[in-house]
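>
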Amino acid sequence: MTSNPATGAFHWGYFLILHLVLTIIQGGFQGISGNIVIPMIAGLVFAACGFTDHNPVMGDVATPQLRLGVVFLAYGIIILGLICNLIAMKFYPLTKEKMAELQNEIVAIKERTMAENQA
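To get my numbering, take the position in the sequence shown, counting from 1, and add 5.
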């Protein structure tokens, strides 16, 4: 990142500029996905509850469909996500031997990092 380590002069190289641009673009996509998908899911549920021309507001009648939709938004989506996680964990090939191997790798990485930080 520096063109002259002795003086610490900063050099805006092509790689640094490319990295900054791609990081900003990636952050934008990350922000857009949450800001678009969450209201879209709520809108689809409200449309299924009968609110096709507007989202429910204070004063609207709380129909049984709306109550069911709100409960689905509050708990159903979370339950679906947890079920997907359970299915993924069921088919993930993790044995006791593999788990011990991963733990040994983590210990080795931590020891290497500690040695580098102390040096």
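Where a beta carbon is used, it is the ideal one built from N, C-alpha and C, also for glycine.
Taking Pro143 as part of the alpha helix (DSSP H), name the residues at either end of that continuous run.
Lying outside 6 to 124, the shown extent of the chain, residue 143 is not represented and no answer is given.
> Can the beta-carbon of Val42 be found less than 8 Å from the beta-carbon of Phe77?
Within the sequence shown, numbered from 1, the residue matching residue 42 stands at position 37. Within the sequence shown, numbered from 1, the residue matching residue 77 stands at position 72. No, they are not a contact pair.
> Report the rounded CA-to-CA distance for Gly18 versus Cys54, giving the unit in angstroms.
Translated into positions along the sequence shown, residue 18 becomes position 13. Translated into positions along the sequence shown, residue 54 becomes position 49. Rounded to whole angstroms, Gly18 to Cys54 spans 55 Å at the Cα level.
> What is the DSSP secondary structure of Met119, reduced to helix, strand or coil?
For this step, residue 119 is matched to residue 114 along the sequence shown. It is helical.
> Using a 10 Å radius around the Cβ and a threshold of 16 neighbouring Cβ atoms, would you call Gly74 buried or exposed?
In the sequence shown, counting from the first residue as 1, residue 74 sits at position 69. Per the 10 Å Cβ criterion, buried.
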